[in-house]
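Residue numbering for the sequence shown follows the working numbering, beginning at 480 and increasing consecutively. C-beta: ideal position from N, C-alpha, C; glycine also. Report on one structure; see the data block that follows.
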Amino acid sequence: MPGKQPGDRIVPAAHLGLDYSTAYSWAPGAQPQVPRYRPDLVYFTTHLGVARGYAARYMNSQREPEPGDVYRVVVPGPVEPDPDFDHPKTREIYAASPTPVTVEAVVQRGVALTLRQQNQAAWPYRMYYANFEEIHDQDGTVLASTEMRLHGATDEYLRLLPKWMDASEFGNGGRLWSPGRPGGSWATPDEVLDIVDHLALDTGLHLISGNNIRAARFVERGSRTPILFGTLQCRECSAQFADPTGRLSRQHLLDAAVHQAGPDLRLIAQFNGGLDGYLHALRRRHPTRWTWAATPTT
480 MPGKQPGDRI VPAAHLGLDY STAYSWAPGA QPQVPRYRPD LVYFTTHLGV ARGYAARYMN
540 SQREPEPGDV YRVVVPGPVE PDPDFDHPKT REIYAASPTP VTVEAVVQRG VALTLRQQNQ
600 AAWPYRMYYA NFEEIHDQDG TVLASTEMRL HGATDEYLRL LPKWMDASEF GNGGRLWSPG
660 RPGGSWATPD EVLDIVDHLA LDTGLHLISG NNIRAARFVE RGSRTPILFG TLQCRECSAQ
720 FADPTGRLSR QHLLDAAVHQ AGPDLRLIAQ FNGGLDGYLH ALRRRHPTRW TWAATPTT
C-alpha cells in the first residue's frame, strides 16, 4: 500500500479484515482454478521488476486502482514460499511471512506502468502458472503455453503480436480479446487491425487496380452479388488475380487483398475470425486504396 515511511509495518490483509482471493481466481494460459492465496500472509519479492509490477497493480480498500509504492523491507519472522508460486522457477523470487514486515526504505513512489511495461519489468517471472511456462521471450515475443498449443496457437502467429502483450489480452488459442473486455468478446477486425498496427499492414507499395473489371450485363444493376469479369492486377509488381475463364470469385478478391495489405494479414486473420471481415475493415481505414474492392459472388 502507498504512503508508508521507513519504520512503518505492513501487515497481512486478514489483519485489516481484507481478502483478495478473487483477484487470483484466474491464471493466464490456463482454465480458472481455486487460488492458493492466503490473506493471513504478507507477500514480498526479491526481484525489483516484479515489485514494481505489483505496485502498479495496487488496488485500495475500495477496490480502486491506485499507483503503489515499492519498499525495501525487513522480515523479522519466518519466511515461507508464496503458495501461488511454490515452484522451482519462482520459489526464490516470491515469498511470504505470517508476521508483519517493517519498511526499511522507500525505493519508488507512485509506480504507474501499463500491463505490457509490467511484463517487461518482471521478465522472466511472468508465467502461465498452470505449468509455470514463461509468457515472453527475452525480446518480449509472446510464447505459447502447452494449453495454447493444444488449442492451435503457433509460434509463427504469436511472433506477430505486440511485444510484451499481456496474457489477458488473448485467449487460449491466441485469438485476441476486444480491448477492455478480456474473456468477454473477441476483437472485431477493426480492433484487431488497431492492436497489430505495428505490423504496418496495407502501407506498402503494392496496390491493386480493378480498372478493367466489368459486371455481367444479365445481372440486375445494383445487385449485392454482382457477377464480375476481368483481372485484378498489382500496379507495383503486375501480379494478377483472376480465374482462367475471366470470372472473379470472392477468393480472388481475398487473395488480392492479402497481396496489397501484406502476407501477415492472412495469418492474423486465420486466428481472428477469418479474412472476410478484414476486407471491409481495411476499406474503412484507407478508402482510397480500396476502391477496387467490389464484392463478387463465390
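(message) Short of 6 Å in beta carbon distance, which residues of its chain neighbour Y537, apart from the five on each side in sequence? Order them along the chain.
(response) The residue you call residue 537 lines up with position 58 of the sequence shown. Answer for Y537: E545, G547, listed in chain order.
Assuming the contact rule is C-beta atoms closer than 8 Å, V521 and V590 should be a hit. Round their C-beta distance to whole Å, please.
On the sequence shown, residue 521 is found 42 positions in, with the first residue counted as 1. On the sequence shown, residue 590 is found 111 positions in, with the first residue counted as 1. Not a contact, Cβ separation roughly 19 Å.
**Asked** Taking the DSSP output, what are the residues bridged to A575?
**Response** To locate residue 575, count along the sequence shown from 1; it is residue 96. BP columns for A575 point to Y522, E559.
What is the rounded straight-line gap between the Cα of D618 and the Cα of G725?
For this step, residue 618 is matched to residue 139 along the sequence shown. For this step, residue 725 is matched to residue 246 along the sequence shown. Separation of D618 and G725 (C-alpha to C-alpha, rounded to the nearest whole angstrom) is 47 Å.
Taking Cβ positions, are R672 and R570 nearer each other than 8 Å?
Stepping through the sequence shown from its first residue, residue 672 is reached at position 193. Stepping through the sequence shown from its first residue, residue 570 is reached at position 91. Looking at the sequence itself, residue 672 is Leu, so the reference to Arg does not match. Result no, Cβ atoms of L672 and R570 do not sit closer than 8 Å.
message = Pairs of beta-carbons, one from the region 624–631 and one from the region 650–664, closer than 8 Å: are there three or more?
response = Yes, the region 624–631 touches the region 650–664.
(request) Could you say if the region 593–610 and the region 637–651 meet the contact criterion of at least three C-beta pairs nearer than 8 Å? (result) Enough Cβ pairs lie closer than 8 Å, so yes.
Check whether the Cβ atoms of R531 and Q587 sit closer than 8 Å, and answer yes or no.
-> By one-based count along the sequence shown, residue 531 stands at place 52. By one-based count along the sequence shown, residue 587 stands at place 108. Yes, these two residues count as a Cβ contact at 8 Å.
Fill in: L711, enclosing alpha helix (DSSP H) - first and last residue
Position 232 of the sequence shown, counting from 1, holds the residue named residue 711. Per DSSP, L711 lies in no alpha helix (DSSP H); the unbroken beta strand (DSSP E) holding it starts and ends at 711–713.
Run through the DSSP bridge pairs and tell me what Q719 is partnered with. What you label residue 719 is simply residue 240 of the sequence shown in a count that begins at 1. Q712.
>> Mapping the DSSP letters down to three states, classify D616 as helix, strand or coil.
In response: Here residue 616 is taken as the residue at index 137 of the sequence shown, counted from 1. D616 falls in the coil class under three-state DSSP.
Check whether the Cβ of D673 sits closer than 7 Å to any heavy atom of the ligand NAP, and report yes or no. The model on display carries no ligand, and the ligand NAP is accordingly not part of it.
Note to self: Once DSSP output is grouped into helix, strand and coil, what is the label at D645?
What the structure shows: Along the sequence shown, read from residue 1 onward, the residue named residue 645 stands at position 166. The answer is coil: DSSP assigns D645 none of H, G, I, E or B.
Whether or not the region 556–567 and the region 628–642 are in contact is what I'm after, with contact meaning three or more pairs of Cβ atoms, one per stretch, closer than 8 Å; do they touch?
Not touching, per the Cβ criterion.
**Prompt:** Under three-state DSSP, which class holds E545?
**Reply:** The residue you call residue 545 lines up with position 66 of the sequence shown. DSSP, reduced to helix, strand and coil, places E545 outside both helices and strands of the structure shown, so it counts as coil.
CB-CB length for D561 against A574, believed under 8 Å: Reading the sequence shown from its first residue, position 82 is the one you call residue 561. Reading the sequence shown from its first residue, position 95 is the one you call residue 574. Indeed they touch by this definition, with Cβ atoms about 6 Å apart.
In terms of residue numbering, what span does the alpha helix (DSSP H) encompassing G589 cover? The sequence position of residue 589 within the sequence shown is 110, counting from 1. Not the alpha helix (DSSP H): G589 falls in the beta strand (DSSP E), residues 580–590.
Query - alpha helix (DSSP H) segment containing M627, residue limits - result: Taking the first residue of the sequence shown as position 1, residue 627 is located at position 148. 625–629 is the span of the alpha helix (DSSP H), which, as asked, contains M627.
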